[in-house]
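**Student:** The structure that follows is given in the form of structure tokens.
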Amino acid sequence: MSRITVVAEKEVRQLFKSRNVMLSALIFVVVFGIFTIPAALGGMGEAGNAMDTLGFYLVLTLGIFMGYLFTAQVFLREKQSGVIETLLCTPLSLRELWSGKVAGVTIPATLLTYFSAALITGTATIFTGETLLPSLPVLFHIIIVVPAFIAATSGLIGFTQFMLGMRENQILNFGIIFGIIFLITFVRELAGPGFSVTWGVVAATGGLALLIILATTWLTRFLSRERIMVTLPE
Amino acid sequence: MEKGEIFGYLGPNGAGKTTTLRILLGLLSAASGSATVLGADLAKDDATRSRVGVLMENNGLYDQLTARENLVYYARLYEVSRPLDRVTDLLEFVGLTGREKDLVGNFSTGMKRKLGIARALLHRPEILFLDEPTSGLDPEAQHMVRELILRLSQAESMTVFLNSHNLDEVQRTCSRVAILHQGRIRALDSVRHLTSAGRKTGFSVTLADPGQAGKAMDILSSLEGIDEVARNENVLGIMLVSVPPHEIVAALVGNGILVEEARIQKRSLEEIYLDVMRQAEGGVA
């Protein structure tokens, strides 16, 4: 078993044991997966197309938020508790540590996002009275692109959490929350009644995720044990 | 450091003990010079890090995981062969058998420290770095940790670097010590040498006849290499600087003084430490 897998397995196990975090995530999924759907569907024209639009942006946004929520637990908490100092003394390379943690965030965040997609589909079906299933591009988007996006954003956030001090991270957290709210609003405006999710849109989104992953992987070469140590809280 | 020795790194809070440890472990870079452990710079050498065990003040444990899950995680990171067996053995070694399925978050400070020691030993390190291992522990747990350290050194020839400001602990466990003050080593020697043959040696002479005390004081005052002489009835307390104790006895006996007993007074590590601190504060290196 590679060290990346060992780290990822531990992070997944630890996240599922963190009841408060999992409860927050579930509440978020249920609130957005059930209560916002009727209003969202109402403003998006034809039901099938509206379902696709929801599957495209809402599931993506939820996935990113799940990733963000878990990243704080996986990356930041070890810095706060000081456990990271011991980890840095193991034979783990920083790239392995980072990769394992990103995988450890992505797996549970993806599972919850799949659950939210199922919830959205079920709620929309009940609300409209007809069976609404996402189109093939949206299905591909949900199954492949969204996890890639979760990995990309979690990797980037985790990297910055490793690099920055606690105060900077608090500011960053506010920035991310406002960024997600802005993203939801922006995409919702963009995805009006005339908007349809095509393979091209899905490919562009996946490409962006890939770009972020590659850029962050490259950036991890600037991570150092010393950088992490000097940004630990006193 | 010599293989198998327990090396004490002493100093007051803020002296730079933990910083030195972090530099040695490759977590911080030195402002000048370099640091190597087992011949390697741990900041760059992932493989050598697997030969080093570390117990920092926070134990490196996860509260949400059980004792066994914590140890298995680290055992896999170090690629320990047959990790489950090793974990079982170490839990027994530190006296935590039966608590392996309990969450670490529910452990007492002492139990966490025991588990931290087990964690640090998982991969059978050649050298073990301990940062204040008995800090925050009750006397019984402190005793247990000291016993563990001694057992590791004696039974497994493990080299131990012990960061501490607990002088009693260092005197009981370490073979050699360095005393640090404001980032500089002010003393470096074996505990035996420091406590029995330091810069000054305490020496007491008990006279058979208290009436000879005055004459004995006069003889001692005329000798060179004596820093201080004090009298308490028939016992003379002498602080030697550069004269060996047997010469004192010879001088007294040669002048007709009846010596009943002569004894070298070992200085405690605490006295030496305070002496070094005072000298350092006074600007004497």
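In the order they appear, the protein sequences are chains A and B. For the first sequence, this note's numbering gives the first residue as 1307, with consecutive numbering after it. For the second sequence, this note's numbering gives the first residue as 160, with consecutive numbering after it. In this text, a Cβ means the ideal position worked out from N, Cα and C, and glycines have one as well.
Can you pull the chain A neighbours of S209/B, defined as C-beta to C-beta under 8 Å?
**Tutor:** Within chain A, the residues near S209/B are T1396, P1397.
**Student:** Where does N1326/A land, buried or exposed, given buried means 16+ other C-beta within 10 angstroms?
**Tutor:** The residue is exposed, with fewer than 16 neighbouring Cβ atoms inside 10 Å.
**Student:** Against N217/B, what residues of chain A qualify as contacts under a CB-to-CB distance less than 9 Å, listed in chain order?
**Tutor:** Ordered by position in chain A, the residues that pass the 9 Å Cβ test against N217/B are S1387, G1388, V1389, E1391, T1392.
**Student:** Which runs of the beta strand (DSSP E) fall wholly inside the stretch 319-383 of chain B and span at least 3 residues, in chain order?
**Tutor:** DSSP runs (the beta strand (DSSP E)) wholly in the stretch 319-383 of chain B: 335-340, 343-349, 360-366.
**Student:** Going by C-alpha distance, which of M1469/A, V1336/A, T1459/A is nearest I1370/A?
**Tutor:** Among M1469/A, V1336/A, T1459/A, the Cα nearest to that of I1370/A is on T1459/A.
**Student:** Would you report the Cα separation of A206/B and P1397/A, rounded to the nearest angstrom?
**Tutor:** When rounded, the distance between both Cα atoms is 6 Å.
**Student:** Any beta-carbon of chain B closer than 9 Å to the one on M1535/A?
**Tutor:** Yes, because at least one Cβ of chain B sits closer than 9 Å to the Cβ of M1535/A.
**Student:** So is G185/B in contact with chain A if we call contact Cβ pairs under 9 Å?
**Tutor:** Yes, G185/B counts as interfacial toward chain A.
**Student:** Contact between the stretch 1311-1329 of chain A and the stretch 1410-1417 of chain A is defined here as three or more beta-carbon pairs at a separation below 8 Å; is this criterion met?
**Tutor:** Touching, yes, given that three or more Cβ pairs across the two stretches are closer than 8 Å.
**Student:** Give me the DSSP bridge partner(s) of G167/B.
**Tutor:** Paired residue(s): L321/B, V336/B.
**Student:** Give the straight-line distance between the Cα atoms of R227/B and V1503/A, rounded to the nearest whole angstrom.
**Tutor:** Rounded to the nearest angstrom, the two C-alpha atoms are 48 Å apart.
**Student:** Would you say A444/B lies against chain A (beta-carbon separation less than 9 Å)?
**Tutor:** Note that A444/B scores a pLDDT of 42, beneath 50, so its modelled location is shaky and nothing firm can be said.
**Student:** Go ahead and label N1475/A buried or exposed: buried means 16 or more other beta carbons lie within 10 angstroms of its beta carbon, across all protein chains shown.
**Tutor:** By the 10 Å Cβ count, N1475/A comes out buried.
**Student:** Going by C-alpha to C-alpha distance, which of T1392/A, E1540/A, G1512/A sits closest to P1443/A?
**Tutor:** Looking at the Cα atoms, G1512/A is the closest of the given residues.
**Student:** For V1337/A, which option in T1429/A, R1383/A, F1381/A has the closest C-alpha, if you only look at C-alpha atoms?
**Tutor:** Checked all of T1429/A, R1383/A, F1381/A; the closest Cα to V1337/A is T1429/A.
**Student:** Indicate whether the contact test is met: 3 or more Cβ pairs, each with one atom in the stretch 410-421 of chain B and one in the stretch 314-325 of chain B, closer than 8 Å.
**Tutor:** Judged by Cβ distances under 8 Å, the stretch 410-421 of chain B makes no contact with the stretch 314-325 of chain B, as fewer than three pairs qualify.
**Student:** Indicate the three-state DSSP secondary structure (helix, strand or coil) for Q424/B in the structure shown.
**Tutor:** In this structure, Q424/B counts as strand in the three-state DSSP scheme.
**Student:** So within the stretch 384-441 of chain B, which uninterrupted beta strand (DSSP E) runs reach at least 3 residues, ignoring any that extend past its ends?
**Tutor:** Fully enclosed beta strand (DSSP E) runs of 3 or longer: 385-391, 394-399, 418-424.
**Student:** Report all residues from its chain with a CB closer than 6 Å to the CB of L1417/A; omit the five preceding and five following residues, and keep chain order.
**Tutor:** None.
**Student:** Is there a Cβ of chain B sitting closer than 9 Å to that of Q1320/A, yes or no?
**Tutor:** Taking Cβ atoms only, chain B reaches closer than 9 Å to Q1320/A, which makes this a yes.
**Student:** Using only the alpha-carbon positions, how far apart do L186/B and G1388/A sit?
**Tutor:** Rounded to the nearest angstrom, the two C-alpha atoms are 13 Å apart.
**Student:** When DSSP builds the beta bridges, which residues end up paired with L224/B?
**Tutor:** According to DSSP, which records beta bridges pairwise, L224/B is partnered with nothing at all.
**Student:** May I ask which residues mark the beginning and end of the alpha helix (DSSP H) holding M309/B?
**Tutor:** Met is not the amino acid found at residue 309/B; the sequence shown has Leu there. First-last of the alpha helix (DSSP H) with L309/B: 298-315.
**Student:** Considering just the uninterrupted stretch of the alpha helix (DSSP H) at I1333/A, what are its terminal residues?
**Tutor:** Per DSSP, I1333/A belongs to the alpha helix (DSSP H) from 1325-1336.
**Student:** Which of helix, strand or coil does DSSP assign to G1428/A?
**Tutor:** Reduced to three states, the DSSP call for G1428/A is helix.
**Student:** Is the Cβ-Cβ distance between Q1320/A and K1385/A less than 9 Å?
**Tutor:** No.
**Student:** For R454/B and S363/B, which I take to be in contact (beta-carbon distance under 8 Å), what is that distance rounded to the nearest angstrom?
**Tutor:** The question about residue 454/B has no answer, for chain B in this structure spans 160 to 444.
**Student:** Terminal residues of the continuous beta strand (DSSP E) containing I286/B?
**Tutor:** Here the beta strand (DSSP E) through I286/B covers 286-290.
**Student:** List the residues of chain B whose Cβ lies closer than 7 Å to the Cβ of R1531/A, in chain order.
**Tutor:** Ordered by position in chain B, the residues that pass the 7 Å Cβ test against R1531/A are G185, L186, A202.
**Student:** Give the single residue among S1324/A, I1534/A, V1380/A, G1361/A whose Cα lies nearest to the Cα of V1451/A.
**Tutor:** It is G1361/A whose Cα lies nearest to the Cα of V1451/A.
**Student:** Could you check whether the Cβ of E285/B sits closer than 9 Å to any Cβ belonging to chain A?
**Tutor:** By this cut-off, E285/B is not an interface position.
**Student:** Evaluate the contact criterion for the stretch 244-254 of chain B versus the stretch 271-290 of chain B: three or more CB pairs, one atom per stretch, below 8 Å.
**Tutor:** The stretch 244-254 of chain B, when compared against the stretch 271-290 of chain B, does touch it at the 8 Å Cβ threshold.
**Student:** Less than 9 Å separating the beta-carbons of R319/B and V336/B?
**Tutor:** For the record, residue 319/B in the displayed sequence is Val; it is not Arg. Their beta carbons are not under 9 Å apart, which means V319/B does not touch V336/B by this criterion.
**Student:** Are the CB atoms of V196/B and L287/B nearer to each other than 9 Å?
**Tutor:** No, these two residues do not count as a Cβ contact at 9 Å.
**Student:** Report the rounded CA-to-CA distance for H412/B versus K162/B, giving the unit in angstroms.
**Tutor:** The question names His, but residue 412/B in the sequence shown is Val. Whole-angstrom Cα-Cα distance: 45 Å.
**Student:** Can you give me the C-alpha to C-alpha distance between P1453/A and I1519/A, rounded to a whole angstrom?
**Tutor:** Going from the Cα of P1453/A to the Cα of I1519/A covers about 12 Å.
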